[in-house]
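S.K.: Mind looking over this structure? Questions follow.
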Amino acid sequence: MCLRSSYVRNYFHSYVNIKQIKDFGGYVMITGYSQKPKKFKLSVSQIILNVVICVLLFLSLYPIYMMLIKSVKTIDQEIHTGFKLTFPFYFENYSLAWQLVHSYILNTFVIAIVTTVGILFVCSAMAYGFTRYEFWGKDALFMMVLAIMMIPSILTIIPQYSMVKEFNMVNTREGVILPTIAGAVPMGMLLLRTFFNGLPQGLFEAADLDGASAIEKYFLITLPLSLPIMATLGLTSFLNSWNDLIWPQLILRKDELQTISVAMNSFTTNYYKTTHSYAVPLAGYVIVSLPLILVFSFTSKQFMAGLTSGAFKM
C-alpha cells in the first residue's frame, strides 16, 4: 500500500499497527500492518443509561415470559414449580381458552375495525377542510376542537353514558363505536392537519387547473400522499379500541356483544375462584395478543414512516 508519508504520520498510525515502512521520496510503502483493536470507553452517564434501559427491558419482558411459561402448565405444575420451565408442555390450555374467547375476538375485530375506519375518515375529512379552505371562525373553531384535548377523558364518561342511554344505544355496538370516534377526533385531526399543511401546494393548483373537484383532490391527492401518517393513526386507533376496557364494560351488558378485554377480565376472576389457577386465562391472553402482533408486523414499516414524517412536518 503506497501513501504519502505525511498521511501515515498524521492519521494512519491511529488506526493500524504498521510493521514495515519503506520510504520512496515522500511516499511510503506499507508492507505489513494489522488493525488496532478498538477501545470502548463508557462514561458514567452511559453506564447509568444502560442500566436503566436493562431494568425497563426486564420489567417489560418478564410479564410476557410469565404469561408464556404459565400458559403451558397443568394446575399441579403451576402450584409446585412457579415460574420454572416444565416439560412436557400442556397445550390443552390453549384449546380450552380458544373455545372461550373466539366469539369475543370476532366482536372485538368488528368494533375495532369500524372504529378505526371511522376515525380515519372523520379526522382526515376535518383536517382537509381546515387545511384547504378559508371560512369565518376557522381559527376559533379549530381552537375549540383542540380545547377538548385538555379535558381528561375520565370526566366525560358520565355525560357520554347519559347521551348514549338517551339515544337508546346501550347494549349496542354503535354505543361503543360512535363515542370512541368522537373522542379520537381532536388528536387525530391535529396530526393530520399538521401533515396536510406540508403537502406540495403545486399539486393542488395543478388539479384546480384541470378542473378537479374537492372530493377528487381529497381522494386522489391528499389521501395517497398521506398513507404513512394515516397508517400511524390507524394502528394506534386499532390498538386503543382493541384494548379498551372501561367504556365497553359500561355499555355492553349482553354477553354475546362483549369485547375481548371485558370477557377476559371477568373470565380470569371467575376461573381463578373455581380452580385457583391462571393457566387457561393466560393462554387466552396469548391468543388475544396474536392478532395485535400480526397487525403491527404488517404495518410497522408504515407506522415508523408516519412517525418520522410527522416529526419532520412538526
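Residues in the sequence shown are numbered consecutively from 5, following the numbering used here. Beta carbons are placed, not taken as given, at the ideal position from N, Cα and C, and that holds for glycine.
Considering only residues of the same chain and omitting the five flanking positions on each side of Thr-119, which have a CB-CB separation below 7 Å?
M.R.: For this step, residue 119 is matched to residue 115 along the sequence shown. Cβ neighbours of Thr-119 beyond the five flanking positions: Ile-181, Thr-184, Ile-185, Ser-241 and Ser-245.
S.K.: Are Leu-194 and Ile-233 touching if we call contact CB-CB under 9 Å?
M.R.: One-based indexing of the sequence shown puts residue 194 at position 190. One-based indexing of the sequence shown puts residue 233 at position 229. Cβ distance not < 9 Å, so Leu-194 and Ile-233 don't count as in contact.
S.K.: Taking C-alpha atoms, which residue in Leu-298, Ile-152 and Val-290 lies nearest to Phe-95?
M.R.: What you label residue 95 is simply residue 91 of the sequence shown in a count that begins at 1. For the residues Leu-298, Ile-152 and Val-290, the minimum Cα distance to Phe-95 belongs to Val-290.
S.K.: Ile-115 and Val-174 look like a contact to me (Cβ under 8 Å); what is the Cβ gap, rounded to whole Å?
M.R.: Within the sequence shown, the letter at position 111 stands for residue 115. Within the sequence shown, the letter at position 170 stands for residue 174. That pair is no contact at about 15 Å.
S.K.: Measure the C-alpha to C-alpha separation of Val-168 and Thr-85 and round it to an integer number of angstroms.
M.R.: Numbered from its first residue, the sequence shown carries residue 168 at position 164. Numbered from its first residue, the sequence shown carries residue 85 at position 81. One C-alpha to the other measures close to 48 Å.
S.K.: According to DSSP, is Ile-219 helix, strand or coil?
M.R.: In the sequence shown, the residue the question calls residue 219 occupies position 215. Helix.
S.K.: For Val-105 versus Met-268, is the C-beta spacing smaller than 9 Å?
M.R.: The residue given as residue 105 occupies position 101 in the sequence shown. The residue given as residue 268 occupies position 264 in the sequence shown. Going by C-beta atoms, Val-105 is nearer than 9 Å to Met-268.
S.K.: Please confirm whether Leu-207 and Ile-219 have their CB atoms less than 9 Å apart.
M.R.: If you number the sequence shown from 1, residue 207 lands on position 203. If you number the sequence shown from 1, residue 219 lands on position 215. Their beta carbons are not under 9 Å apart, which means Leu-207 does not touch Ile-219 by this criterion.
S.K.: Just tell me which of Asn-201, Tyr-222 and Ala-129 has its CA closest to the CA of Ala-211.
M.R.: Here residue 211 corresponds to residue number 207 of the sequence shown, with the count starting at 1. The residue with the shortest Cα to Cα distance from Ala-211 is Tyr-222.
S.K.: Can you give me the Cβ contacts of Leu-249 inside the same chain, cut-off strictly under 7 Å, excluding the 5 residues immediately before and after it?
M.R.: If you number the sequence shown from 1, residue 249 lands on position 245. Excluding sequence neighbours, Leu-249 sits near Ser-265, Val-266 and Asn-269.
S.K.: Rounding to the nearest angstrom, what Cα-Cα distance links Val-121 and Thr-160 in this structure?
M.R.: Residue numbering aside, residue 121 sits at position 117 when the sequence shown is read from its first letter. Residue numbering aside, residue 160 sits at position 156 when the sequence shown is read from its first letter. The alpha-carbon atoms of Val-121 and Thr-160 are separated by roughly 23 Å.
S.K.: Just checking my contact of Asn-123 with Ala-188 at CB under 8 Å: how many whole Å lie between their CB atoms?
M.R.: Residue mapping note: residue 123 aligns to position 119 of the sequence shown, counting from 1. Residue mapping note: residue 188 aligns to position 184 of the sequence shown, counting from 1. The question names Asn, but residue 123 is Ile in the sequence shown. Right, their Cβ atoms sit about 5 Å apart.
S.K.: Are there 16 or more other CB atoms within 10 angstroms of the CB of Asn-274, so buried, or fewer, so exposed?
M.R.: Residue 274 sits at position 270 when you count from the first residue of the sequence shown. Asn-274 comes out exposed.
S.K.: Leaving out the 5 sequence neighbours to the left and right, which residues in its chain are closer than 7 Å to Leu-89 when beta-carbon positions are compared?
M.R.: In the sequence shown, counting from the first residue as 1, residue 89 sits at position 85. The answer, listed in chain order, is Ile-73.
S.K.: Return helix, strand or coil for Met-173, following the three-state DSSP convention.
M.R.: Against the sequence shown, residue 173 aligns to sequence position 169. In this structure, Met-173 counts as coil in the three-state DSSP scheme.
S.K.: So, using beta-carbon positions, are Gly-192 and Ala-131 closer together than 9 Å?
M.R.: Within the sequence shown, the letter at position 188 stands for residue 192. Within the sequence shown, the letter at position 127 stands for residue 131. Yes, the Cβ-Cβ distance between Gly-192 and Ala-131 is below 9 Å.
S.K.: Need the endpoints of the alpha helix (DSSP H) that Leu-104 sits in, please.
M.R.: Your numbering for residue 104 matches position 100 in the sequence shown. Counting along the chain, the alpha helix (DSSP H) containing Leu-104 begins and ends at 96-136.
S.K.: Who are the near neighbours of Pro-295 in its chain, counting only those whose CB is closer than 8 Å to its CB and skipping five residues on each side?
M.R.: The residue labelled residue 295 in the question sits at position 291 within the sequence shown. Taking Pro-295 as the centre and dropping the five residues before and after it, the same chain places the C-beta of Ile-109, Phe-113 and Trp-246 closer than 8 Å to its C-beta, in chain order.
S.K.: Would you kindly check if the distance between the Cβ of Ile-79 and the Cβ of Ala-283 is under 9 Å?
M.R.: In the sequence shown, residue 283 corresponds to position 279, counting from 1. In the sequence shown, residue 79 corresponds to position 75, counting from 1. Yes, Cβ-Cβ distance for Ala-283 and Ile-79 is below 9 Å.
S.K.: When burial is assigned at 16 or more other CB atoms within 10 Å of the CB, is Asn-97 buried or exposed?
M.R.: The residue you call residue 97 lines up with position 93 of the sequence shown. So Asn-97 ends up on the buried side.
S.K.: Excluding the five sequence neighbours on either side, which residues of its own chain have a C-beta within less than 7 Å of the C-beta of Tyr-165, listed in chain order?
M.R.: In the sequence shown, the residue the question calls residue 165 occupies position 161. Cβ neighbours of Tyr-165 beyond the five flanking positions: Leu-254.
S.K.: Could you spell out where the alpha helix (DSSP H) holding Ile-57 opens and where it closes?
M.R.: Here the question's residue 57 lines up with position 53 in the sequence shown. 48-74 is the span of the alpha helix (DSSP H), which, as asked, contains Ile-57.
S.K.: Helix, strand or coil for Trp-140? Go by DSSP, reduced to three states.
M.R.: Your numbering for residue 140 matches position 136 in the sequence shown. Of the three classes helix, strand and coil, the one that applies to Trp-140 here is coil, per DSSP.
S.K.: Taking the alpha helix (DSSP H) that Ile-255 falls in, what are its first and last residues?
M.R.: Indexing the sequence shown from 1 puts residue 255 at position 251. First-last of the alpha helix (DSSP H) with Ile-255: 250-255.
S.K.: Using the Cα positions of Lys-305 and Val-126, report the straight-line distance between them to the nearest angstrom.
M.R.: Residue mapping note: residue 305 aligns to position 301 of the sequence shown, counting from 1. Residue mapping note: residue 126 aligns to position 122 of the sequence shown, counting from 1. Taking the straight line from one Cα to the other gives about 24 Å.
S.K.: Gln-262 lies in the alpha helix (DSSP H); which residues open and close that run?
M.R.: Looking up residue 262 in the sequence shown gives position 258. It is not in any alpha helix (DSSP H) - Gln-262 carries neither H nor E in the DSSP assignment.
S.K.: Rounded to whole angstroms, what is the Cα-Cα separation between Ile-68 and Leu-231?
M.R.: Locating residue 68 in the sequence shown gives position 64, counting from the first residue. Locating residue 231 in the sequence shown gives position 227, counting from the first residue. Taking the straight line from one Cα to the other gives about 32 Å.
S.K.: Find out if the Cβ-Cβ distance for the pair Leu-239, Val-299 is shorter than 9 Å.
M.R.: Translated into positions along the sequence shown, residue 239 becomes position 235. Translated into positions along the sequence shown, residue 299 becomes position 295. Against a cut-off of 9 Å, the Cβ pair of Val-299 and Leu-239 comes out as a contact.
S.K.: Using a 10 Å radius around the Cβ and a threshold of 16 neighbouring Cβ atoms, would you call Ser-293 buried or exposed?
M.R.: The sequence position of residue 293 within the sequence shown is 289, counting from 1. Result: exposed.
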